[in-house]
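Asker: The sequence shown begins at 5 in my numbering and counts up by one.
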Amino acid sequence: MNWFEGALSVKAVMMSGRRPVIKLVIDQKKKDKDTAFILRQAAQRQIPVERWPREKIDQQAAGRTHGGILALAGDRNYQSVQECLDAPQPFIAVLEGIEDPFNLGYAFRTLYAAGCTGVLMGSRDWQTAQPTIVKSSAGASEQLAWCLCEDLGAAVRQCRQAGCVLYCAQRSDAIDYFDADFNQPIVLAIGGELRGLSRDVLEQSDQNIVIPYARPVRSALNGTSAVAAISFEVVRQRR
């Protein structure tokens with residue numbers, strides 16, 4: 005179990021239904037509209053609420069940006085590849101090599117805003133990092149379908165067999181991402197700036213894409229920046 009801090013995180017954890025919520029803790033003096041909304045939602049879901057003094061909440065919380073609202077919740081449930089494919093026009097992201105939970109949360113926030121229908125990643129235990137991911141994503145990580153794959157290459161293969169086109173952010177044999185056709189079912193694979201994408205994913209690429217730079221820059225953009233740039237080109241094309 006983990007403690008989730010702040011109104012955005014608590015609302016996302018409570019309302020997404022992706023994990024069991026054990027209880028909420030709210031500052032006993034807090035009486036604003038957001039608190040009233042959270043209390044109503046908790047009552048509808050029969051989630052216990054405890055009112056604590058601010059000093060006790062400060063002692064329990066990891067940081068000081070909790071705003072007097074905490075949630076104690078269990079492990080998240082993850083989705084299958086098929087659940088990520090079930091959208092009318094899938095836009096699935098494959099993320100590799102984004103290890104920092106803050107950066108991963110930022111990537112989730114961007115992908116959710118851009119209409120991504122699911123995220124595929126290699127298998128890893130993210131449990132202790134969940135509060136950071138949820139907070140840095142402004143709750144978006146709880147809203148997105150998230151699949152942890154024992155065999156990421158096989159998961160990508162399943163998506164391609166279902167009719168998705170695989171675009172890999174990889175400089176070799178690439179076209180500008182502005183010239184890619186994102187107005188179709190797609191898988192967008194983006195790797196971190198250090199290790200990039202694995203061979204199991206790259207060997208299946210239908211088309212590599214690259215972000216053109218305005219200056220001669222040798223270093224690659226970090227993964228979260230690449231996610232933002234390409235994801236909103238998907239949005240532009242699908243409008």
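From the three backbone atoms N, C-alpha and C, an ideal C-beta is built for every residue, glycine too.
1. Tell me the rounded alpha-carbon separation between Asp36 and Arg23.
2. According to DSSP, is Ile194 part of a helix, a strand, or is it coil?
3. Quick check: what's the CA-CA separation for Leu76 versus Leu198?
4. Less than 8 Å separating the beta-carbons of Thr132 and Ser235?
5. Since Arg55 sits in a beta bridge, which residues does DSSP pair it with?
6. Report back the beta-carbon spacing between Ile51 and Met18 to the nearest angstrom; my notes put them in contact at under 8 Å.
7. Quick one: Cα of Thr121 to Cα of Ser176, how far?
8. What's the C-alpha gap between Asn107 and Ser140?
9. Just checking: is the beta-carbon of Met18 within a distance shorter than 8 Å of some beta-carbon in chain C?
10. Which complete beta strand (DSSP E) runs does the stretch 142-210 hold, if anything under 3 residues is left out?
11. Of the choices Arg164, Gln63 and Ser229, whose alpha-carbon is the least far from that of Glu207?
12. For Val138, which residues of its own chain have a beta-carbon under 8 Å away from its beta-carbon, when the five flanking residues on both sides are left out?
Answerer: Here's the rundown:
1. 26 Å
2. strand
3. 35 Å
4. no
5. Ile30
6. 7 Å
7. 27 Å
8. 8 Å
9. The structure shown contains no chain C; it is built from a single protein chain.
10. 150-153, 169-173, 178-180 and 190-195
11. Arg164
12. Phe8, Ser13, Ala16, Val17, Gly109, Ser145 and Glu146
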